[in-house]
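**Student:** Before I ask anything, here is the structure I am working with.
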Amino acid sequence: MAKNVVIPIGPQHPSLKEPACFTITLEGEKVVNAVVGTGYNHRGLEKACEARSYLQDIYIIERVCGICSHIHSTTFCQSVEELAGVEIPRRAAYIRTLMAELERLHSHLLWLGIAGHEVGFDTLLMYSWRDRELVLDILAMLGGNRVNYGINTLGGVRRDVTPEQIEKIRKVVDIVEERNKYYVQLALSETTLAARLGGIGKLSHDDAIKFGAVGPVSRAAEVADDIRVTDPYSAYDEVPVTAITDNHADVFGRTVVRVLEIMESVKMIRFCLDNLPDGDIAVKVPRKIPEGEAFVRTEAPRGEDAHYVRSNGTDKPDRVRVRAASEANWHGMKHMLEGDYLADVPIIIAAIDPCYSCTDRAIVLDNHDTGKQSVIDWRTLREYSINWYKARGIDTGKIKIADSHLIF
Amino acid sequence: MSELIAEKKALSTILEKFPFLEGKIDVQRRQRIISSPMERPLFEEVFSFVVTDGGFNCFHLVIGVDDGENLGFIYVLSNQDKVMLLLKQSAPKSNPAIKSVCATFPNALWHERELVDLFGTIVEELPEGPTYPLPDGWPAGNYPLRKEWKVEYFDKINMTYNPPATVGKEEE
Amino acid sequence: MVALFNILIFPGFLFLGIYALLFEYLDRIIYARLQNRMGPPWFQPLADFLKLIGKEAVIPAAADKHVFPALPVVALAAVTTAFLYVPIWSGSSLLPFSGDLIVVLYLLTIPTLTFFLAGWYSTSVYATVGSMRALTQLFSYEVPLFMALLSPALLADTWSISGISQFYGAHPLYILINIPAFVVAIVACQGKLERVPFDLPEAETEIVSGTFVEYSGRFYAVFKMAINCELVVVAAIVSAFFLPFYTANPFIGFLLFIVKTVIILFILAVFRSVMARIRIEQMVKFCWKYLTPLAILQIIINILLKGVLPL
Amino acid sequence: MMKGPGKITGEVLRHVFAKPATISYPKGELVIDKNYRGKIDFDASKCIGCKLCVRDCPANAISIENIGTKEDKKMQLTLNYAHCIFCCQCVDSCNKDAISFSPDIELAGINRKDMIVKL
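Residue numbers (our numbering), protein chains in the order written: chain A, 6 to 413; chain B, 25 to 196; chain C, 47 to 357; chain D, 448 to 566.
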């Protein structure tokens, strides 16, 4: 076939849970060109942070990403604590580590399900999400919410862990470990899965470094860049961490790294529970943070999470820059997609565990300060979309819609 | 503080080449070397040195900051020992022109596009492509992360920026 | 009058329609239970159908105004016609004639062709890719499926589904010979019905819903109905070939028909819950490398046995 | 390890008669942990009107006003739970324990105005 077909994947597409646009040029079923377009989720969060106090910013930063929410707030809190010159209590550090590892469990189980769904293996999705639900219950019990746990505060954590909760966590961790052994076996031996995951989305060792890939993507290419090992934070200087690496350098390798990391996380959670020190869970941090700048890296489930915080001596930060893990992995996406089949596109995209909100971060949307709400009504929105398409040479304005449809 | 061997080593390599930077670039803490802002010609010289000879061959991100009169750009690099180098460049707001590093580090592309959109930086030699991350129809000349840009004056429905005539000059 | 009743009400179109909705429900609930989920309530397929019927049906501006709405009807007509030649409460179908096997097989190919045409006439890129896949897939599974269904016919020495059913009903042990053909038929049926692992033409996560991406409202409702009916017909044919037990009592025979088709459905549901969707080139390779040789082997065995066995 | 398709079959068949892990919502029984952060509760008698909660709320979802007189104070908290992000920072900020969280999470509604409640 001489003619190439251009397929847009996104901004709205069943395989994308958030908006992004991949313009895929196909030759038959082979991808010959891929253009990655994001930015649909820019919420202006960094600007919003500058207008709020450090304490309020924790909750904004936590909502950068729905899945790695804890690690974002940990990173931010660490930056601010470094600026304020406070050391958090050991117990708080252990609780943060515990939450981070529980979060890794739920994030990786979520990813496993998504990966299953992208290759049409819905049973795996249902099973792994069922198990993830147990972890989410634990997180809700500890933090108070299912995803944005809100357990971090400046100078420590907000909630303590009780002995009964520890027992519950142990039980869940046992179940998850048991289940995960099965997933490891399944991932390694199911032929249809291996046939779909193996050999696609290649990103070699050198390319991983060149494109600045982080997390499971680079570890699958034998780049040992686990921040928990190279630059220990929270309680990771005491908790034994093994960085999992793999030499497949493809989607299969990323799967292996993730399922094995779940096993590691389980061990770390047990260690945290066994060695939880006594003491306070938080120290007081002044509202006004001394002038300075801090750049802190942590290991999110998706890879290296970096925050830059600059303070100007007031109770509001001067600049907050969030570089989420997914953002670093996007750069190699074009390279990974080209040369593979259309059928592999969703799973290759999913394999970096993309988080579009993380990438695009934020901009303010409800005008809380003035209390005004800007609600676009249906008609205005339609007008807008018609004009948007008109500007691109497509006239959708001729489609007649009965007024009774405009009840909204 | 005694184990900062890798950091000291990386720092001494830079200081050896640029002795006049003594005091302007220092180890802030474990795994972090931080510099003070440099003008464009000096920055480009230092940058190309640390990348080629300094061993900082891994690019993480570039952070844009608003320093008031100037725009600051913090390039985050790391080397084999995972030591972070925060190299700062500054450019005046009146002509915030910097050179793209995309040729050396392809992963700088989005970060630099972000500088263009959010700070109004002029990034020379930036590859063609869509804007990122602001939406279509964003009014030209609006750079949200500059300090003088206030969210309150932005009309989100019509996408226009209407600063009140009285405010904006002296008070802010 | 009786013939009209038979064709239109029972066991004809109306029964097929109701049974198809029930089948969709069973399929979804079995699939859900296998995945440890609750699954939909019993009226979900009917509710979906009615909802779709009531929705606005959009024909894309670039699509052919006449072919586009006609295709779902053609698909539904083909499968309902095929149903008339499948035995239900006894060993014989409603309108048996010698050679109806061939007719049914061709009638069952028509829905796939309409899927292809539907995708082609929708002119959407997703639909085009989906229709290309539908056609590529057709060429892969059709050959093993035909051979898998023809080999029992060879042994029974008849080209009539009713005849085959009656033959194996009289010689129940002979179906053991056809086990490889049964396996091939079940696998190829997944392709015919476009279910995981062969649901490439409508692979949701890749090309949205492939060939049906532009279909909406009543057109899509009819298409979905045709797919559900196809599921019933295929399950009925496979059970007539490979589970040919029946009794003279029409009532018990009818119950037996339900049990047999549900067993086939269960196998199909398990099949689709344990595998990942494979790529088109893997699908083609699999069909030609494994399924077709297996089906050929079955044919050779049956030809040889036919000479040996006292029939 | 044996390789082959359908490795999960045994696991799948085991689930045929197993109790489903999901519930039929809203009919089924919903288990909410008592630590869950839902809608906040407010005890007006304890409130002294320091407005720390208002100051710390990241979403500007609460406001406190005195509806009594200056001598006989009676505080009223207005919560917009369409804005509330359920972080319960107000609970932590309150020095007098006047605000507490409750595991009340079934707050969905169809009218935006109903989401502004006076506690």
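We treat Cβ as the ideally placed atom computed from N, Cα and C, and that holds for glycine.
1) Please classify Asp230(A): is it buried, with 16 or more other beta-carbons within 10 angstroms of its beta-carbon, or exposed?
2) What does a CB cutoff of less than 8 Å around Glu138(B) pick up in its chain, not counting 5 residues either side in sequence?
3) Does the count of Cβ pairs from the region 529-545 of chain D and the region 486-504 of chain D closer than 8 Å reach three?
4) Just to confirm the assignment, what range does the beta strand (DSSP E) spanning Asp50(B) have?
5) Can you tell which of Ile93(A), Asp179(A), Val325(A) and Gly204(A) has the C-alpha that lies nearest to the C-alpha of Asn81(A)?
6) Give the list of continuous alpha helix (DSSP H) stretches no shorter than 4 residues that lie fully inside the region 106-142 of chain C.
7) Excluding the 5 residues preceding and the 5 following Asn38(A) in the sequence, name in chain order all residues of the same chain whose CB lies nearer than 7 Å to its CB.
8) When you compare each of Asn166(B), Ser36(B), Leu110(B) and Phe73(B) to Phe300(A) by their alpha carbons, which one comes out closest?
9) With H, G and I counted as helix, E and B as strand and the rest as coil, what does DSSP make of Ser197(C)?
10) Find the nearest neighbour of Arg83(C) within the set Glu227(A), Ala254(A), Leu130(A) and Glu269(A), judged by alpha-carbon distance.
11) Please list, in chain order, all residues of the same chain as Val242(C) whose beta carbon is under 7 Å from its beta carbon, the five residues on each side excluded.
12) Residues of chain C with CB under 8 Å from Pro467(D), in chain order?
13) For Tyr71(C), count neighbouring C-beta atoms within 10 Å of its own C-beta (all shown protein chains included) and say buried if the count is 16 or more, exposed if not.
14) Is there a C-beta anywhere in chain D that falls below 7 Å from the one on Val279(C)?
15) Could you tell me whether the Cβ of Val124(A) comes closer than 7 Å to any Cβ of chain C?
16) Measuring alpha carbon to alpha carbon, tell me which residue in Ile391(A), Asn392(A) and Cys360(A) is nearest Ile72(A).
17) In this structure, how does DSSP classify Thr30(A) when only helix, strand and coil are distinguished?
18) Apart from the five residues just before and just after Gly206(A), which ones in its own chain have a Cβ nearer than 6 Å to its Cβ?
19) For Glu304(A), which of helix, strand or coil comes out of DSSP?
20) Residue ranges of each beta strand (DSSP E) run of no fewer than 3 residues wholly in the region 449-502 of chain D, ordered along the chain?
21) Considering only the alpha carbon of each residue, which of Ala213(A), His253(A) and Arg233(A) lies closest to Val417(A)?
22) Return the bridge partner residues of Ala34(B) from the DSSP annotation.
23) Just how far apart, CA to CA, sit Val501(D) and Asp480(D)?
24) With a threshold of 7 Å between beta carbons, is Tyr483(D) in contact with chain A?
25) Taking Cβ positions only, does Gly346(A) come closer than 7 Å to chain C?
26) With C-beta atoms as the reference, is Ala225(A) less than 7 Å away from Gly258(A)?
27) For Gly163(C) and Phe192(C), which I take to be in contact (beta-carbon distance under 8 Å), what is that distance rounded to the nearest angstrom?
28) Would Asn348(C) be called buried (16 or more neighbouring beta carbons within 10 Å of its own) or exposed?
29) Return the bridge partner residues of Pro13(A) from the DSSP annotation.
30) Going along the chain, which unbroken runs of the alpha helix (DSSP H) with 4 or more residues stay wholly within the region 213-254 of chain A?
31) Look up Thr76(B) in the DSSP assignment and give the residues it is bridged to.
32) List, in chain order, every chain C residue whose beta-carbon is nearer than 7 Å to that of Glu131(A).
33) For Leu262(C), which residues in the same chain have their Cβ closer than 6 Å to its Cβ, ignoring the five residues on either side in sequence?
34) Using C-beta distances below 8 Å, list every residue in its chain close to Ile309(C), excluding the 5 sequence neighbours before and after it, in chain order.
35) Per the contact definition of three or more C-beta pairs closer than 8 Å, is the region 41-48 of chain A in contact with the region 185-203 of chain A?
36) Name, please, each residue of chain C whose Cβ falls closer than 8 Å to the Cβ of His18(A).
**Tutor:** Quick answer:
1) buried
2) Gly88, Tyr156 and Pro157
3) yes
4) DSSP places Asp50(B) inside the beta strand (DSSP E), whose first and last residues are Ile49 to Arg53.
5) Going by the sequence as given, residue 81(A) is Phe instead of Asn. Nearest option by C-alpha distance: Val325(A).
6) 113-129
7) Around Asn38(A): Thr30 and Glu343.
8) Of Asn166(B), Ser36(B), Leu110(B) and Phe73(B), the residue nearest in Cα terms is Leu110(B).
9) It is helical.
10) Leu130(A)
11) Arg318, Met321 and Arg323.
12) Neighbours of Pro467(D) on chain C, chain order: Ala78, Arg79, Asn82, Arg83, Met84 and Gly85.
13) Tyr71(C) is buried by the Cβ-count criterion.
14) It does not: the Cβ of Val279(C) has no partner Cβ on chain D nearer than 7 Å.
15) yes
16) Cys360(A)
17) strand
18) Asp255, Val256, Met341, Ile353 and Ala356
19) strand
20) Residue ranges of uninterrupted beta strand (DSSP E) with 3 or more members, entirely inside the region 449-502 of chain D and ordered along the chain, are 487-489.
21) Here chain A comprises residues numbered 6 to 413, so residue 417(A) is not present and cannot be evaluated.
22) Per the DSSP secondary-structure output, Ala34(B) pairs with nothing in a beta bridge.
23) 27 Å
24) yes
25) It should be noted that the sequence gives Tyr, not Gly, for residue 346(A). Yes, Tyr346(A) counts as interfacial toward chain C.
26) Yes, they are a contact pair.
27) The displayed chain sequence assigns Leu, not Gly, to residue 163(C). Going by Cβ atoms, the distance from Leu163(C) to Phe192(C) rounds to 21 Å, so no, they are not a contact pair.
28) Buried, because 16 or more other Cβ atoms sit within 10 Å of the Cβ of Asn348(C).
29) DSSP, once it has assigned bridges, lists Thr28(A) as partnering Pro13(A).
30) List check, alpha helix (DSSP H) in window: 220-224 and 232-235.
31) Paired residues: none, contrary to the question.
32) Note that residue 131(A) corresponds to Met in the displayed sequence, not to Glu. Correct list: Gln81, Asn82 and Arg83.
33) The sequence given here has Ser at residue 262(C), not Leu. Excluding sequence neighbours, Ser262(C) sits near Ala103 and Val104.
34) Ser285 and Leu289
35) no
36) Val254
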